[in-house]
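Trainee: Before anything else, here's the structure in question.
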Amino acid sequence: MKRLILSLAVITILSGAAAFVTWKIVGPPDRTVACDPQDLPVHHVCLSTVRGWNPEEILWVDARPRESWKEDGVAGSLLVNDQENWDDLEGQFVMTIFGDGSGIRNKVVVYCNQSGCSSSIYVADRLRERHGETLGFEVYVLHGGVKALKAENQ
Amino acid sequence: MKRLLYPLFLLASVLAPARAEMAFETKLIEIHASPDDKSVRGEFIFEIKGQDETIKDYDAKCTCLAARVEPLNPDRSEKLKWEIGEKGKIMAQFDVSNFRGTVDKAIELNLIDGDAPIVLTIRVHVPELVKMEPSSHKWDVGSSPDAKVFKITVNHTEPIKILSHSGNNPNFPYELKTIKEGWEYEITVKPKSTEGSGIGLLSFRMDCQFPRFNRNIAYVVVRPALADEKDSRVVAPKAGK
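So the protein lines, in turn, are chains A and B. Counted from 1, the first sequence has number 61 at position 61 by our numbering; the numbering is strictly sequential. Counted from 1, the second sequence has number 13 at position 13 by our numbering; the numbering is strictly sequential.
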């Protein structure tokens, strides 16, 4: 029993020391959301790609519940989720993307809580299908969702 | 040497647990909702195989979807520890009151021993008793103000009539034509001018017994043609040669 406790203590100390040395040499763990555009499903986009676009062309759409959007939604984002009356939210979206009619906003980026969040996919598909061609915009789902946005600021 | 091997063996045994499985009969449930359904329920039935299993957590990624594990423990608390051979189910209750068409929602289930979450999908088909097609029409700035047509079609066993209708932009006058009362209508829109950008909304109130189908909206837009739209208009005749 004594030997077992001693062994566990040795393993714990060695593991801890190795982790500490690694952290000192390599730095803190990378919390950014890994994203390779080649591996993404169609209409999904990496945050790094979005950051390469002209911000004036982008309309951010938050597909989370209203409380989450109010709490930490992207500045200037619009709430379009699948939990409230679609007709009302869609109306606000159409008026916002149309804006002054210049057509400068031609990219819509929808985000949710995390990758594969079905709300952002549903909202993106519906906006694309109903208004993408008429109003002249592309719709993308942000890979990693809010997690990717938060990791960017860390 | 023995002293060295012992901790290594201990470490390996910690890192390589036996394979356990929460085996589901299906991970995708499809439900056809009726027009008056406010919510639908699905059951994902599972059996524990390999070794005992513990649910770490589970989450439905939408406030419209509630999930719970059944059965409960004898003291009515949530049963998260499952023994080999036990059977249970994940109950999903999906609020479909804001949906039309086909929609997928997922529940993610994490096990103590699992690497990746188990994804359980509930797919619901919500009928569209009244369908407006298309949802919007556009004219390019400076183009000919040609007439364009919307269609309202009723996909129900009973007729659904238009009670009232309105437009919010006088640049988009429209004409409503009844093809078959209660079943099919056509709305023809011809902008007065396409000289500048503009947007309008046409609203149709129906007499459907299910409130979610009572409001139908179409959008009409005059906007500048995008660069790639102009390009495609130029390229198209060449491609036809």
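All residues carry an ideal CB built from backbone N, CA and C; glycine is no exception.
On a CA-only basis, which of Lys-190/B, Lys-192/B, Tyr-174/B and Glu-158/B is nearest Glu-181/B? Give me that one, please.
Mentor: Glu-158/B
Trainee: Using a Cβ-Cβ distance cut-off of 8 angstroms, determine whether Pro-65/A contacts chain B.
Mentor: Cβ-Cβ to chain B under 8 angstroms: yes for Pro-65/A.
Trainee: First and last residue of the alpha helix (DSSP H) that includes Ile-97/A?
Mentor: 86–98
Trainee: Quick one, which residues of the segment 130–157 of chain B are near chain A if we go by CB-CB under 7 angstroms, in chain order?
Mentor: Ser-135, Ser-136, His-137 and Lys-138
Trainee: For Ala-218/B, name the three-state secondary structure that DSSP assigns.
Mentor: strand
Trainee: Can the beta-carbon of Ile-199/B be found less than 8 angstroms from the beta-carbon of Phe-137/A?
Mentor: no
Trainee: Between the segment 131–147 of chain A and chain B, which residues of the former have CB atoms less than 7 angstroms from a CB of the latter, in chain order?
Mentor: Residues passing the 7 angstroms Cβ filter: His-131, Thr-134, Leu-135 and Gly-136.
Trainee: Where does Gln-83/A fall in DSSP's three states?
Mentor: coil
Trainee: What do you reckon, are the CB atoms on Ala-244/B and Lys-190/B nearer than 8 angstroms?
Mentor: Absent from the structure is residue 244/B, since the part of chain B shown begins at 1 and ends at 241.
Trainee: Can you give the Cα-Cα distance for Asp-82/A and Leu-14/A, rounded to whole angstroms?
Mentor: 50 angstroms
Trainee: Output the distance between the C-alpha atoms of Ala-18/A and Pro-117/B, rounded to the nearest integer angstrom.
Mentor: Looking at the two C-alpha atoms, the distance is approximately 29 angstroms.
Trainee: Consult DSSP for Arg-123/B and reduce its assignment to one of helix, strand or coil.
Mentor: strand
Trainee: Going by DSSP, name the residue or residues bridged to Ile-199/B.
Mentor: Bridge partners of Ile-199/B: Val-221/B.
Trainee: Bridge partners for Ile-29/B per DSSP, in chain order?
Mentor: Ile-122/B
Trainee: For Cys-35/A, would you say it is in contact with chain B, using Cβ-to-Cβ distances shorter than 8 angstroms as the test?
Mentor: Using a Cβ-Cβ cut-off of 8 angstroms, Cys-35/A does not count as an interface residue toward chain B, since no Cβ of chain B sits closer than that to its own.
Trainee: Compute the Euclidean distance between the alpha carbons of Ile-179/B and Asp-57/B, then round it to the nearest angstrom.
Mentor: Taking the straight line from one Cα to the other gives about 55 angstroms.
Trainee: Using a C-beta to C-beta distance shorter than 7 angstroms, which residues of chain B count as neighbours of Asp-87/A?
Mentor: Arg-215 and Ile-217
Trainee: Between the segment 103–122 of chain A and chain B, which residues of the former have CB atoms less than 9 angstroms from a CB of the latter, in chain order?
Mentor: Gly-103, Asn-106, Cys-112, Asn-113, Gln-114, Gly-116, Cys-117, Ser-118, Ser-119, Ile-121 and Tyr-122
Trainee: Anything in chain B within Cβ reach of Gln-38/A, meaning under 9 angstroms, just list it in chain order.
Mentor: Correct list: empty, because the minimum Cβ distance to chain B is about 21 angstroms.
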